[in-house]
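In the working numbering, the protein residues as written are 1081 to 1470.
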Ligand SMILES: Cc1cc2nc3c(=O)[nH]c(=O)nc-3n(C[C@H](O)[C@H](O)[C@H](O)COP(=O)(O)OP(=O)(O)OC[C@H]3O[C@@H](n4cnc5c(N)ncnc54)[C@H](O)[C@@H]3O)c2cc1C
């Protein structure tokens, strides 16, 4: 029987062992819950605590903060294996253990880490990252949510869209302007409990893919928080905090896309070896073999490149360009893989019960979020010095 599972030959033994452990967990705990989560659009909440207990939320954060103490490379293996089984659930867990946890770990006070980070990493409190607004997506500096100082408090007003985990969150990492007149230099980040008066998830969005994660809109109306809810002490530091974490998030797209692509390859190889047409197996046709081989080849490059950039990150090198490159390259390669995977399934590729269309819908997201690919390529050109600064 054809076997499209792949084990990188140069992976360190402990990483291979870890990959096998995560795969067993994902197959045993995530796969059985995935179909219902996709159908109902509800993320299985209990998974947060299960993954937290294993030390895998904030897997690459310091153990002294409640993280897993692993490196970025290990995180890549973890994410790939989760996304191979279900990208939506993986995405929900990654918001929790990724960007929201990282910003508190890097910029939070000890009190903030105790109150928000540790419970989040144990999977007891669910977090969401509230940056995007209707008129501020790629142009994050255009946000209109404000945080007005009143005595010892800040009062927040605004409306956030596309917020993963918002419908199930216990707290939100909210980006707001403390000094709207200062543009990108007037932003700050606040930790806001969802049960504060005026804070509400008003709408859950129906999505084309990643249906097992919950994405909603947040309304903030006169939400009063103590000044200690702000990350950092100075007004205007939010944009720099966010920028310092963007590279970390973008590298994860290499692993996400590899996981989804790997699932597509495995499903497609199994299908074409079963399907018969013109009196023979679809897999016997040379064009099919070429397509499968190209899928495997692209995945190997995606995985290797992701691991290389994760390695650079682990050495504390400047990866502003490479993190964008890995995100753009892998998310675009994935579209080709998914196109061929659906195509090789013929009409069945378009039918839900075969599962390949779900991967196609899920994978479509990755060229859009955490920096649309167009914006990232412009950023690359600047960082690489390909364009003279006027
Ligand atoms: C399922 C899902 C989950 C999400 N989760 C979160 C979350 O948890 N928290 C959060 O804050 N946000 C989240 N987002 C928002 C996401 O990050 C934004 O959708 C993304 O930043 C793009 O912003 P936009 O949708 O407003 O598109 P726009 O900014 O309007 O961009 C539209 C298009 O313009 C093009 N474009 C953009 N910039 C340039 C450029 N410089 N040059 C040329 N063309 C360009 C691209 O093709 C882009 O797709 C999520 C979105 C989705 C769909």
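We treat Cβ as the ideally placed atom computed from N, Cα and C, and that holds for glycine.
Residue i, DSSP secondary structure in three states
| i | result |
| --- | --- |
| residue 1392 | helix |
| residue 1256 | strand |
| residue 1209 | strand |
| residue 1151 | coil |
| residue 1428 | helix |
| residue 1302 | strand |
| residue 1086 | coil |
| residue 1171 | helix |
| residue 1467 | coil |
| residue 1132 | helix |
| residue 1281 | strand |
| residue 1094 | helix |
| residue 1216 | strand |
| residue 1126 | helix |
| residue 1450 | coil |
| residue 1204 | coil |
Element boundaries [alpha helix (DSSP H), containing residue i]
| i | result |
| --- | --- |
| residue 1406 | 1400 to 1424 |
| residue 1442 | 1436 to 1444 |
| residue 1261 | Element bounds for residue 1261: n/a, residue is neither H nor E. |
| residue 1180 | 1179 to 1187 |
| residue 1229 | From DSSP, residue 1229 is part of no alpha helix (DSSP H) but of the beta strand (DSSP E) over 1226 to 1230. |
| residue 1113 | 1111 to 1120 |
Residue span of the beta strand (DSSP E) that contains residue i, given as start and end
| i | result |
| --- | --- |
| residue 1270 | 1267 to 1273 |
| residue 1238 | 1233 to 1244 |
| residue 1106 | Here residue 1106 belongs to no beta strand (DSSP E), and DSSP marks it neither H nor E. |
| residue 1198 | Unbroken run through residue 1198 is the alpha helix (DSSP H), 1198 to 1201; no beta strand (DSSP E). |
Contact with chain C by residue i, beta-carbon distance below 7 Å
| i | result |
| --- | --- |
| residue 1120 | Chain labels in this structure do not include chain C; a single protein chain is all it has. |
Worksheet item: At what residue ranges does the region 1306 to 1372 contain a whole run of the alpha helix (DSSP H), taking only runs of 4 or more?
Response: 1318 to 1354
Worksheet entry | Segment contact flag, the region 1263 to 1282 with the region 1131 to 1147, C-beta cutoff 8 Å, min 3 pairs | no
Discussion item. Does the structure place the region 1237 to 1245 close enough to the region 1304 to 1316 that three or more beta carbon pairs sit under 8 Å?
Written reply: no
Practice prompt. Please confirm if the region 1173 to 1188 is in contact with the region 1213 to 1232, defined as three or more CB-CB distances below 8 Å between the two stretches.
Written response: No, the region 1173 to 1188 is not in contact with the region 1213 to 1232.
Worksheet item: Would you say the region 1246 to 1261 touches the region 1308 to 1328, given that touching needs at least three Cβ pairs under 8 Å?
Response: yes
Worksheet item: For the 8 Å Cβ check, are there 3 or more pairs between the region 1415 to 1422 and the region 1392 to 1406?
Response: no
Discussion item. Three or more C-beta pairs under 8 Å: does that hold for the region 1441 to 1455 against the region 1364 to 1373?
Written reply: no
Discussion item. Check whether the region 1104 to 1115 and the region 1390 to 1400 touch, using three or more Cβ-Cβ pairs below 8 Å as the test.
Written reply: By the Cβ test, the region 1104 to 1115 is not in contact with the region 1390 to 1400, since fewer than three Cβ pairs between them sit closer than 8 Å.
Fill in: Stretch pair the region 1325 to 1341 + the region 1174 to 1182: three plus CB contacts closer than 8 Å
yes
Worksheet item: Are at least three pairs of beta-carbons, each pair with one atom in the region 1082 to 1089 and one in the region 1342 to 1359, less than 8 Å apart?
Response: yes
Worksheet item: Is there contact here, the region 1332 to 1348 with the region 1154 to 1165, by at least three beta-carbon pairs under 8 Å?
Response: At 8 Å Cβ cutoff, the stretches touch.
Worksheet entry | Cβ pair count under 8 Å reaching 3, the region 1276 to 1290 against the region 1420 to 1428 | no
Worksheet entry | the region 1128 to 1136 touching the region 1194 to 1207, judged by at least three CB pairs closer than 8 Å | Between the region 1128 to 1136 and the region 1194 to 1207, the count of Cβ pairs shorter than 8 Å is three or higher; the stretches touch.
Discussion item. With three or more beta-carbon pairs closer than 8 Å as the criterion, would you say the region 1106 to 1126 touches the region 1377 to 1395?
Written reply: no
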